[in-house]
């Protein structure tokens with residue numbers, strides 16, 4: 024089976040260039056299920072509501088019971104066919120708690136009830152925290168649903184870009200949510216934090232640790248070669264010397280974590296890079312060459328690629344599939360999903376020749392996009408990623424040198 028004929032707006036790679044007929048796909052293990060397609064915040068940097076893709080306007084505001092049941096059946100079908108022993112379910116929005124916790128609870132129960140006996144599901148809801156209450160946490164915890172919080176740091180100043188539709192700050196409500204979660208260690212999945220290079224890295228990191236977050240996931244702002252990130256000048260796609268404001272920012276946070284914070288909180292990107300440097304596979308798409316195993320189901324049942332692609336061009340995440348007519352194995356044959364399971368073979372030649380490619384992995388797929396040519400490019404954060412990887416490698420070498428000295432004695 025060759026790749027389907029793409030729409031006229033689709034770029035060359037991978038839609039017009041990848042034959043998926045001979046690929047051996049890896050089963051999907053992470054299912055991002057949209058609970059609500061609207062949000063009560065209007066964050067100034069939001070790639071969904073302020074980006075080029077406006078498909079959210081055409082989607083139902085809230086997933087209905089029929090779509091939940093059919094999605095659950097399709098997930099169970101996939102788990103049974105591939106004998107999966109565990110899957111991950113992430114309940115997202117918009118803001119998934121916008122209609123209260125009832126739909127979140129119903130969706131999680133539908134999936135768990137449908138799964139075959141050999142497969143368990145870990146479930147997490149990702150929220151901006153503004154609607155989180157003690158009662159809601161009680162109900163989520165009773166059903167074994169953990170809660171992830173989206174923040175830009177642990178102070179009002181850090182979250183100045185996270186405002187509601189009237190321009191009012193979200194911080195008071197988000198801070199209350201963070202305090203509630205800090206008292207419930209088992210329910211607290213951690214914090215997603217988009218990097219703002221204008222905020223002092225030491226201050227941001229310390230503020231998140233002070234919130235009691237058991238885990239922090241620092242995210243690069245979704246950007247590409249057509250729309251470069253803040254503080255990075257426009258350039259042609261390619262691997263070349265460039266300023267590294269995001270690499271510098273993350274390297275400073277790494278040192279704080281490395282020298283004092285590792286026992287306090289996990290930082291996902293740092294742990295992933297260290298594991299890759301030591302020879303372990305990656306467990307995230309942002310670094311490493313492990314195959315992507317995540318898929319999105321929107322509120323109308325559409326099967327889509329990662330939301331991050333909405334930052335590229337209108338319709339970028341679309342597969343043309345839905346849970347009512349298609350199983351998830353069909354999604355594995357979609358060129359956009361298949362391309363992200365190819366490892367090094369799915370990267371640009373200059374990426375494959377890069378000495379840090381096994382760790383960097385080419386970066387987030389969405390960050391490689393350039394108009395008219397598609398995703399077969401280094402990441403727009405290429406220089407930043409190399410800066411961070413080399414910095415972490417240097418610290419790891421220093422540790423190994425210290426251990427060697429302690430074993431052999433002074434020279």
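Numbering (the working numbering), first residue to last: 24 to 434. Don't be surprised by glycine CBs; every beta carbon is placed ideally from N, CA and C. As the structure is a prediction and not an experimental result, all values here were calculated from the model.
Residue i by DSSP, collapsed to three states: which one?
i           : result
residue 217 : strand
residue 400 : coil
residue 352 : helix
residue 50  : coil
residue 183 : coil
residue 326 : strand
residue 341 : strand
residue 169 : strand
residue 414 : helix
residue 192 : strand
residue 300 : helix
residue 199 : helix
residue 393 : strand
residue 248 : coil
residue 346 : coil
residue 84  : coil
residue 255 : coil
residue 164 : helix
residue 422 : helix
residue 55  : strand
residue 388 : helix
residue 332 : helix
residue 292 : helix
residue 121 : coil
residue 406 : helix
residue 64  : strand
residue 205 : helix
In chain order, what residues of the same chain lie with their CB nearer than 6 Å to the CB of residue i, ignoring the 5 residues before and after it?
i           : result
residue 366 : 312
residue 309 : 387
residue 35  : 396, 397
residue 241 : 216, 218, 292
residue 357 : 342
residue 322 : 57, 60, 82, 83, 86
residue 249 : 394
Quick check on the DSSP output: the beta strand (DSSP E) that includes residue i runs from which residue to which?
i           : result
residue 150 : 143 to 150
residue 241 : 238 to 242
residue 73  : Per DSSP, residue 73 belongs to no beta strand (DSSP E) and is neither H nor E.
residue 382 : Per DSSP, residue 382 belongs to no beta strand (DSSP E); it is in the alpha helix (DSSP H), 380 to 383.
residue 113 : 109 to 115
residue 317 : 317 to 320
Between which two residues does the alpha helix (DSSP H) containing residue i stretch?
i           : result
residue 90  : 88 to 104
residue 126 : 125 to 137
residue 230 : 224 to 233
residue 276 : 268 to 279
residue 377 : From DSSP, residue 377 is part of no alpha helix (DSSP H); its letter is neither H nor E.
residue 361 : 358 to 362
What residues in its chain sit with their C-beta under 7 Å from that of residue i, if we drop five residues either side in the sequence?
i           : result
residue 29  : A caution first: residue 29 carries a pLDDT of 45, below 50, which makes its placement in the model unreliable, though a value can still be read off. Taken in chain order, the residues that qualify are 38, 39.
residue 333 : 70, 71, 74, 76, 339, 340
residue 347 : 93, 324
residue 91  : 129, 130, 133
residue 274 : 410, 411, 414
residue 279 : 225, 228
residue 195 : none
residue 122 : 59, 85
In chain order, what residues of the same chain lie with their CB nearer than 8 Å to the CB of residue i, ignoring the 5 residues before and after it?
i           : result
residue 101 : 50, 51, 107, 350, 351, 352
residue 128 : 162, 163, 166, 168
residue 417 : none
residue 207 : 160, 164
residue 361 : 37, 41, 43, 46, 48, 355
residue 109 : 52, 142, 143, 144, 145
residue 139 : 99, 102, 103
residue 197 : 151, 152, 153, 172, 174, 182, 185
With a cut-off of 8 Å on the beta carbons, I'd call residue i and residue j a contact; round off their distance for me.
i           : j           : result
residue 149 : residue 192 : Actually they do not touch by this definition, with Cβ atoms about 20 Å apart.
residue 244 : residue 256 : In fact, because the Cβ distance is near 15 Å, the residues do not count as touching under 8 Å.
residue 172 : residue 214 : 5 Å
residue 335 : residue 376 : That pair is no contact at about 25 Å.
residue 95  : residue 137 : 4 Å
residue 299 : residue 382 : 4 Å
residue 147 : residue 212 : 5 Å
residue 319 : residue 303 : Residue 319 to residue 303, Cβ: 27 Å. No contact.
residue 7   : residue 401 : The chain is shown from 24 up to 434; residue 7 falls before or after that span and cannot be answered.
residue 403 : residue 182 : The Cβ separation is near 25 Å, so there is no contact.
residue 393 : residue 264 : With 8 Å as the limit, residue 393 and residue 264 do not qualify as a contact, their Cβ atoms being about 19 Å apart.
residue 116 : residue 66  : Contact doesn't hold; Cβ gap of about 12 Å is too wide.
residue 64  : residue 186 : 7 Å
residue 210 : residue 170 : 6 Å
residue 317 : residue 112 : At roughly 11 Å, the Cβ-Cβ gap does not stay under 8 Å, so residue 317 and residue 112 are not in contact.
Report task. Check whether the segment 406 to 420 touches the segment 265 to 274, counting contact only when three or more Cβ pairs, one atom from each stretch, lie closer than 8 Å. Result -> Touching, yes.
**Report entry** Cβ contact (3+ pairs, closer than 8 Å) linking the segment 257 to 267 and the segment 215 to 227
**Finding:** Fewer than three beta-carbon pairs drawn from the segment 257 to 267 and the segment 215 to 227 are found closer than 8 Å, and the two stretches are therefore not classed as touching.
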